[in-house]
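Everything below concerns the one structure shown next.
Residue numbers (our numbering): 4 to 186.
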């Protein structure tokens with residue numbers, strides 16, 4: 004009798020279930036309704052393969068401990084840092100709302116190259132918000148979330164709010180939009 008793990012493994016490997024001698028066509032989905040018809044040879048293969056498969060799966064899913072990661076892999080090189088900054092500037096310019104593209108994209112183009120690693124993390128957290136939330140926070144329509152505030156009032160998001168308050172782009176016009184999107 005096969006246990007649940009063996010049935011699960013058999014569903015993941017349909018080639019073990021259907022041999023050349025088998026002429027039965029089966030649904031290959033994960034509904035679990037049909038009992039797999041395995042020959043004795045296939046059952047023996049499963050008994051041998053399952054422990055190794057489980058070991059590989061556990062190793063694949065396990066997160067490495069920090070001391071297991073080589074130090075060279077943990078440090079960001081200048082190239083990786085430049086790529087990250089360019090990616091953040093691009094994401095800031097390509098949000099999909101003209102207002103957010105103009106404001107956030109312009110601020111990012113001017114300021115992201117000068118940000119420290121900690122400030123980049125903070126800015127990336129802000130950019131990961133929904134576009135409507137970014138717009139509402141930048142235009143002071145909603146309060147800044149507590150985790151983005153600092154006692155000194157100089158977090159990246161608070162600096163963006165102060166910058167946006169000063170109407171940095173003047174009146175919106177197509178040439179300004181084109182400049183912001185292509186710089």
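The beta carbon of each residue, even a glycine, is placed where N, CA and C say it ideally should be.
Please read these numbers as outputs of a predicted model, since none were measured by experiment.
Q: Could you tell me whether the Cβ of residue 135 comes closer than 8 Å to any Cβ of chain D?
A: No chain D is part of this structure, which consists of one protein chain only.
Q.
Less than 8 Å between the beta carbons of residue 160 and residue 147, yes or no?
A. Yes. Within cutoff.
Q: Would you mind sorting residue 138 into buried or exposed? The rule is 16 or more other CB atoms within 10 Å of its CB.
A: By the neighbour-count rule (16 or more Cβ atoms within 10 Å), residue 138 is buried.
Q. With DSSP run on the structure shown, which of helix, strand or coil describes residue 99?
A. In this structure, residue 99 counts as coil in the three-state DSSP scheme.
**Q.** Whole-number beta carbon distance between residue 127 and residue 91, since they are thought to touch under 8 Å
**A.** Contact holds; Cβ gap of about 6 Å.
Q: Pull up the distance between the alpha-carbon of residue 167 and that of residue 141, whole angstroms please.
A: Here the alpha carbon of residue 167 sits roughly 7 Å from the alpha carbon of residue 141.
Q.
Looking only at its chain, what residues have a beta carbon closer than 8 Å to the beta carbon of residue 134, apart from the 5 residues adjacent to it on each side?
A. Cβ within range, chain order: 98, 99, 100, 103.
Q: For residue 105, count neighbouring C-beta atoms within 10 Å of its own C-beta (all shown protein chains included) and say buried if the count is 16 or more, exposed if not.
A: Label assigned to residue 105: buried.
Q) So, helix, strand or coil for residue 157, using DSSP? A) Residue state, collapsed to three classes: coil.
(Q) By the three-class DSSP mapping on this structure, what secondary structure does residue 131 have? (A) Residue 131 falls in the coil class under three-state DSSP.
Q. Which first and last residues belong to the alpha helix (DSSP H) in which residue 56 is found?
A. Bounds of the alpha helix (DSSP H) holding residue 56 are 43 to 64.
Q: Can you say whether residue 59 is buried or exposed, counting buried as having 16 or more other CB atoms within 10 angstroms of its CB?
A: Residue 59 comes out exposed.
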